[in-house]
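Please read the structure below before turning to the comments.
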Amino acid sequence: MVGAISTCREVDIATILDLMNLTSEGISPVIALNREEAGPLHRQIYEGFRAAILRGDLRAGQRVPSSRNLASELGVSRIPVLNGYAQLLAEGYFESRSGSGTFVSASLPDQMSLCERPVTRPASIDSGPRPVARRDALLPGRGRVPWLDGWGAFGLHQPAFEHFPFRIWSSLVTRHLRSPRISSLRTVDPLGSERFRIAVCTYLRTARAVRCEPDQVMIVAGSQQALDISARALLDPGSAVWVEEPGYRLGRAVFVGAGCRLIAVPVDRDGLDVAAGMRKCRKPRAAYVTPSHQYPLGATMTASRRLQLLNWAQTSGAWIIEDDYDSEYRYESMPVASLQGLDHSGRVIYIGTFSKVMFPSLRLGFVVIPPDLVEHFVAVRYSMDIFPPYLTQEAVTDFMCEGHFARHVRRMRCLYSERRTTLVESIHQEFGSMIEVHGAEAGMHLTVTLPQGFSDQEIAATAARRGLWLWPLSPGYLESPSRQGFILGFGSTASTQIPAAVRHLRSILSSGRRESRCPDAQPARRSWPHGCS
Ligand SMILES: Cc1ncc(COP(=O)(O)O)c(C=O)c1O
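In my numbering, the protein residues as written are 2 to 534.
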């Protein structure tokens with residue numbers, strides 16, 4: 002299974018072309034035939050293909066349509082197509098592979114480098130003003146930070162893929178592929194499949210004490226879309242939003258994209274500091290929080306803080322957006338009930354995801370909406386992607402209803418518990434009290450903070466070059482001074498690899514301190530809109 006996964010990660014353009022070529026028919030390029038003036042048809046077909054190859058629209062190794070199909074698409078007899086193909090074969094633009102068809106040559110005759118040519122060309126400088134939204138400049142973007150896509154020790158947001166029951170999963174997907182519900186191939190409820198919403202609701206009521214009915218649940222493409230829909234439904238450009246400091250950058254990005262003003266509210270051991278938030282901005286439109294497992298420092302919001310937050314929301318007329326992204330995994334105490342379950346004034350929008358319990362590329366999550374806002378959210382959804390895709394919803398419904406989900410979560414809880422214990426012990430063994438561990442009680446990551454004198458981003462860049470994926474803490478802050486540290490994922494790191502990875506971290510940190518010439522310098526950060534008017 003591990004081998005299969007690593008192979009998948011290396012899929013490149015050539016592989017995609019190979020996969021496309023497994024189909025027995027190539028796609029026809031645009032060839033404009035002119036029957037009156039432009040010379041014989043076979044010449045026009047030849048020129049059409051040659052030009053498409055020279056432009057890079059057809060690439061080396063790409064299958065071309067059979068002469069029969071092309072003739073039928075162009076509305077001509079096969080003879081000119083066969084003659085055109087013969088010329089392209091003779092000149093080396095095409096090659097035929099016995100038994101599998103005709104392809105654009107792997108080595109093209111006169112313009113070998115054409116296959117590298119980009120299909121889209123940059124606009125010329127005199128093409129006039131091409132304005133883009135100013136808000137876009139404030140988004141964090143995907144950037145080219147070296148630690149982003151690392152695969153290996155401490156990789157963040159990575160579950161133990163090799164332990165996922167892919168055999169069961171593929172049988173469920175196949176089941177729905179083989180005999181789909183025909184009506185669902187045309188359309189799905191904008192809230193999502195009813196079966197799935199019932200399954201999600203049952204799970205949330207039981208495991209998370211969320212108060213909900215299926216017609217309050219909207220199925221979405223992960224927490225990120227849930228946040229986007231919530232922002233469009235509840236906020237206006239200029240609305241002030243409390244966000245946790247430090248916090249989840251991608252979550253914040255949604256509010257920036259919606260034109261909101263971010264109010265950075267510090268978190269302490271009890272979670273979001275409501276009193277500090279009120280001092281900075283008493284009446285924002287909303288607060289975005291991760292109360293079950295604050296991201297990234299890991300605090301679980303205490304009961305009294307939860308009540309304080311709910312009371313504040315009610316008196317100030319604010320919404321609370323609760324992001325409950327990894328609460329399935331708690332190791333030292335019982336799961337904490339959701340904030341939504343304590344709310345009596347319909348102010349909490351509850352968001353969850355399958356990214357941690359299944360896998361992130363599933364892009365599946367849900368929002369629990371207060372009943373009187375459902376239609377409002379549906380209108381937003383309808384203007385966005387209309388409804389969620391059918392197939393995965395059905396497969397996950399069966400995955401839940403047939404007990405595989407609960408079994409997988411139980412197994413993963415044990416596995417992650419062992420991994421995080423090994424990680425915490427190894428950190429203590431290697432570093433003693435030199436670095437502080439935060440938030441190891443839940444989830445698939447923990448955070449370590451560093452003493453003065455280190456630059457987490459510099460060290461993370463060095464570490465990434467050496468195959469260690471440290472996610473720096475400081476970019477999670479909106480305001481200075483930010484703490485330096487790392488968010489360490491342990492979901493995909495086997496217990497046997499953890500001690501060596503921590504030793505590796507120690508060796509990188511030892512050189513990191515010496516290399517860091519300017520210990521107190523704050524790394525350059527984009528400026529985010531914040532402050533309360
Ligand atoms: C705070 C937080 N929310 C949500 C998510 C998950 O987002 P999504 O469901 O869009 O994959 C993550 C990371 O995986 C996270 O750290």
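Note that beta-carbon positions come from the ideal geometry of N, C-alpha and C, so glycine has one too.
- For the pair residue 352 and residue 325, the CB atoms are nearer than the 9 Å cut-off.
- Of the candidates 223, 259 and 92, 259 places its Cα closest to the Cα of residue 139.
- Listed in chain order, the beta strand (DSSP E) elements of length 3 or more contained wholly in the stretch 212-297 are 218-221, 241-246, 262-269 and 287-290.
- Residue 102 places its beta carbon 9 Å or farther from that of residue 42.
- Taking a cut-off of 8 Å on C-beta distances, the stretch 177-193 does not touch the stretch 318-338, as fewer than three cross pairs fall below it.
- Residue 57 sits in coil when the DSSP states are folded into three classes, being neither helix nor strand.
- Rounded to the nearest whole angstrom, the C-alpha separation of residue 490 and residue 340 is 25 Å.
- In the DSSP assignment, residue 102 is bridged to 98.
- Counting only the Cα atoms, residue 289 lies some 26 Å from residue 410.
- Under the three-state reduction of DSSP output, residue 399 falls in the helix class.
- Per the coordinates, the alpha-carbon of residue 291 lies some 36 Å from the alpha-carbon of residue 176.
- Residue 400 and residue 173 have their C-alpha atoms spaced approximately 7 Å apart.
- Residue 450 and residue 467 have their C-alpha atoms some 21 Å from each other.
- Around the beta carbon of residue 357, 16 or more other beta carbons sit within 10 angstroms, so the residue counts as buried.
- In the DSSP assignment, residue 494 falls outside any beta strand (DSSP E) and carries neither an H nor an E.
- Contact between residue 477 and residue 147 fails: their C-beta atoms lie close to 17 Å from each other, not under 8 Å.
- Using a C-beta cut-off of 8 Å, the stretch 433-441 makes no contact with the stretch 194-212, since fewer than three inter-stretch Cβ pairs fall below that distance.
- For residue 291, the CB falls within less than 8 Å of some heavy atom of ligand 1.
- Of the other Cβ atoms in all chains shown, 16 or more fall within 10 Å of the Cβ of residue 245; this residue is therefore buried.
- Shown here, residue 477 sits in a helix according to DSSP, grouped into three states.
- Residue pairing by DSSP places residue 443 opposite 331 in a beta bridge.
- If you check the C-beta of residue 226 against ligand 1, you find a heavy atom less than 8 Å away.
- Assigned with DSSP and collapsed to three states, residue 148 falls in coil, not helix or strand.
- Counting along the chain, residue 32 sits inside no alpha helix (DSSP H), nor does DSSP assign it H or E at all.
- The beta-carbon distance between residue 427 and residue 500, rounded to whole angstroms, is 5 Å. This is short enough to meet the 8 Å contact definition.
- Residue 344 carries a coil assignment under DSSP once its states are collapsed to helix, strand and coil.
- If you look at residue 353, you'll find it in the beta strand (DSSP E) that goes 349-354.
- Under the 8 Å Cβ criterion, the stretch 191-200 counts as touching the stretch 388-397, having at least three qualifying pairs.
- If you check the CB distance, residue 294 and residue 442 come in under 9 Å.
- Short of 7 Å from the beta carbon of residue 47, and not among the five residues preceding or following it, lie these beta carbons of its own chain, in chain order: 85, 88 and 89.
- Here residue 264 is buried: its Cβ has 16 or more other Cβ atoms, across all protein chains shown, within 10 Å.
- Taking C-beta separations shorter than 7 Å and ignoring five residues to either side along the sequence, the partners of residue 431 in its chain run 503, 504 and 507, following chain order.
- Counting the other Cβ atoms within 10 Å of the Cβ of residue 453 gives fewer than 16, which makes it exposed.
- Going by DSSP, residue 85 is part of the alpha helix (DSSP H) stretching over 79-91.
- Taking C-beta atoms as the reference points, residue 251 and residue 286 fail to come closer than 9 Å.
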